[in-house]
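A.B. asks: I'd like to ask some things about the structure below.
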Amino acid sequence: MISNKCALVAIAVVAVILGTVNADEEQGDEWDRWSTKYHKTYPVRSERDTRRENFMQNLAVMRRLAAEFSDVGFELGSRADLSSDEFERTMLGFRMAPEADTVGYGGTWMPPPINAGVLPASVAYHRQPGVVGSVVDQGDCGSCWAVSVTSMCEATLALFGNESVPGEHVDLSMQQVLDCAQGWGCGGGDTAVASEYVVGRGLMTEADYPYVAVVGQCRYNATRARARYPGFVRIPRNDEAALARALVERGPLVVAIDASSALFRFYSSGTIMDRRCGTRLNHAVLLVGYTPTAWVLQNSWGQDWGAQGYVQIGRNAGNLCGIAAYAVAINH
Numbered sequence: 021m022i023s024n025k026c027a028l029v030a031i032a033v034v035a036v037i038l039g040t041v042n043a044d045e046e047q048g049d050e051w052d053r054w055s056t057k058y059h060k061t062y063p064v065r066s067e068r069d070t071r072r073e074n075f076m077q078n079l080a081v082m083r084r085l086a087a088e089f090s091d092v093g094f095e096l097g098s099r100a101d102l103s104s105d106e107f108e109r110t111m112l113g114f115r116m117a118p119e120a121d122t123v124g125y126g127g128t129w130m131p132p133p134i135n136a137g138v139l140p141a142s143v144a145y146h147r148q149p150g151v152v153g154s155v156v157d158q159g160d161c162g163s164c165w166a167v168s169v170t171s172m173c174e175a176t177l178a179l180f181g182n183e184s185v186p187g188e189h190v191d192l193s194m195q196q197v198l199d200c201a202q203g204w205g206c207g208g209g210d211t212a213v214a215s216e217y218v219v220g221r222g223l224m225t226e227a228d229y230p231y232v233a234v235v236g237q238c239r240y241n242a243t244r245a246r247a248r249y250p251g252f253v254r255i256p257r258n259d260e261a262a263l264a265r266a267l268v269e270r271g272p273l274v275v276a277i278d279a280s281s282a283l284f285r286f287y288s289s290g291t292i293m294d295r296r297c298g299t300r301l302n303h304a305v306l307l308v309g310y311t312p313t314a315w316v317l318q319n320s321w322g323q324d325w326g327a328q329g330y331v332q333i334g335r336n337a338g339n340l341c342g343i344a345a346y347a348v349a350i351n352h
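Every letter in the sequence shown is one number past the one before it in this note's numbering, and letter 58, counting from 1, is 78.
Rendered as structure tokens:
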């Protein structure tokens, strides 16, 4: 009898060991596929071990999310070897400047009265040819504040034109804003401050001042500024109705959101509706449209992130991810 019990215990132990080995092998295969797909190499063994451990932790988090949410897709992108702290330091670059949080900085645009007209059921500037530029990969630089404001300026120029450009899409210089606007460079910046800079200087083209994802000396040349803007405005805070009307009447605009949750980091499809997407503003993105139930945003983490660089966040769902807490629009 005792020998039978010992045999059963031994079998159970072997099963656990084999299960653990199989799980480790499966995760190892995932790592190999991922590192091959994104051409990841690490010259130092200790660095490789750290990156692999980060990947395994992120894989576990992503799988838990996939098991919990049937209507939202999740994937590991090209930065799955970063820890959560590294990812936040590197990729989330919205930092509110004290002066930009004061009354009157940039002004506030108040929406028309409620009877000024019914808004369309949906808006999709990113599907209009020549309005919204291609999805940008900001690189390992917290430049979302500069990238998103530049993208907004491009879309405004394409929709409305100005004195020098009669309504066409022009790739404008993100690097100029990163180098020259007051901020912390790749360490972050404020979208209102970036907009204030653009209003005062205008923007050169991407061709004249290309993006390199590191901060350098300001090389702004006023004679080469291709696009100029008369001002910018702030959208009333935490007002999703005002945000929708601003989008309809002014075109794509910039919003600050909380992008620190795993829900956002590993998003690939569907609409984020969960309250775990918080309201700690740390990332700037371009608002390009809405549906009856979702806001549509263009991110700056490359086309391999999200839905080819885009994400949907619940609309009129209690200011999810802080979507309406801090928005700016450039004047045309």
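The beta carbon of each residue, even a glycine, is placed where N, CA and C say it ideally should be.
Which first and last residues belong to the beta strand (DSSP E) in which Ser288 is found?
C.D. replies: Tyr287 to Ile292
A.B. asks: Ala245 to Leu223, Cα distance in whole Å?
C.D. replies: Distance from the CA atom of Ala245 to the CA atom of Leu223, rounded to whole angstroms, is 5 Å.
A.B. asks: Using the beta-carbon count (16 or more within 10 Å), is Asp105 buried or exposed?
C.D. replies: Label assigned to Asp105: exposed.
A.B. asks: What's the gap between the Cα of Val155 and the Cα of Val64?
C.D. replies: Rounded to whole angstroms, Val155 to Val64 spans 32 Å at the Cα level.
A.B. asks: Mind checking who Arg254 pairs with in its DSSP beta bridge?
C.D. replies: Thr128 and Val348
A.B. asks: Evaluate contact between the region 117-126 and the region 205-218, counting only Cβ atoms and requiring at least three cross-stretch pairs below 8 Å.
C.D. replies: yes
A.B. asks: What's the gap between the Cα of Val138 and the Cα of Tyr58?
C.D. replies: 46 Å
A.B. asks: Counting only runs that start and end within the region 170-200, where is the alpha helix (DSSP H) found for 4 or more residues in a row?
C.D. replies: 194-200
A.B. asks: For Leu301, which beta-bridge partners are listed by DSSP?
C.D. replies: Partner(s): none; Leu301 has no beta bridge.
A.B. asks: In angstroms, rounded to a whole number, what distance separates the CA positions of Met172 and Cys200?
C.D. replies: 18 Å
A.B. asks: What first and last residue would you give for the beta strand (DSSP E) that runs through Leu273?
C.D. replies: Leu273 to Ile277
A.B. asks: Could you check if Ser90 is buried or exposed, using at least 16 other CB atoms within 10 Å of its CB as the buried criterion?
C.D. replies: exposed
A.B. asks: Return yes when the C-beta of Arg265 is under 7 Å from any heavy atom of the ligand HEM, and no when it is not.
C.D. replies: Because no ligand of any kind appears in the structure shown, any question about the ligand HEM cannot be addressed here.
A.B. asks: What residues are listed by DSSP as bridge partners for Leu306?
C.D. replies: Val274 and Gln318
A.B. asks: For Gly342 and Leu301, what's the separation of their Cα atoms in angstroms?
C.D. replies: 7 Å
A.B. asks: Among all the DSSP beta bridges, which residues are the ones paired with Gly209?
C.D. replies: Phe114
A.B. asks: Near Pro7, what residues of its chain come up, given a Cβ to Cβ distance below 6 Å and the 5 sequence neighbours on each side ignored?
C.D. replies: Look at the range of the chain in this structure, 21 to 352, and you will see that residue 7 is not part of it.
A.B. asks: Which of the three DSSP states is assigned to Gln77 in this structure?
C.D. replies: In this structure, Gln77 counts as helix in the three-state DSSP scheme.
A.B. asks: Out of Ala282, Ser66 and Leu263, which one is the CA nearest neighbour of Ala314?
C.D. replies: Leu263
A.B. asks: Taking buried to mean at least 16 other C-beta atoms within 10 Å of its own C-beta, is Val41 buried or exposed?
C.D. replies: Here Val41 scores only 49 on pLDDT, less than 50, and its place in the model should not be relied on; the value that follows carries that caveat. Counting Cβ neighbours within 10 Å, Val41 comes out exposed, since fewer than 16 surround it.
A.B. asks: Can you list, in chain order, the residues of its chain whose CB lies under 8 Å from that of Gln332, leaving out five sequence neighbours each side?
C.D. replies: Gly290, Thr291, Ile292, Thr311, Ala314, Trp315, Val316 and Leu317
A.B. asks: Does the beta-carbon of Leu283 have 16 or more other beta-carbons within 10 angstroms, so that it is buried, or is it exposed?
C.D. replies: buried
A.B. asks: Does the distance from the C-beta atom of Ile126 to that of Phe252 stay below 8 Å?
C.D. replies: Per the sequence presented here, residue 126 reads as Gly, with Ile not at that position. Cβ atoms of Gly126 and Phe252: closer than 8 Å.
A.B. asks: What's the C-alpha gap between Gly338 and Arg239?
C.D. replies: 43 Å
A.B. asks: Can the beta-carbon of Gly326 be found closer than 8 Å to that of Asn336?
C.D. replies: no
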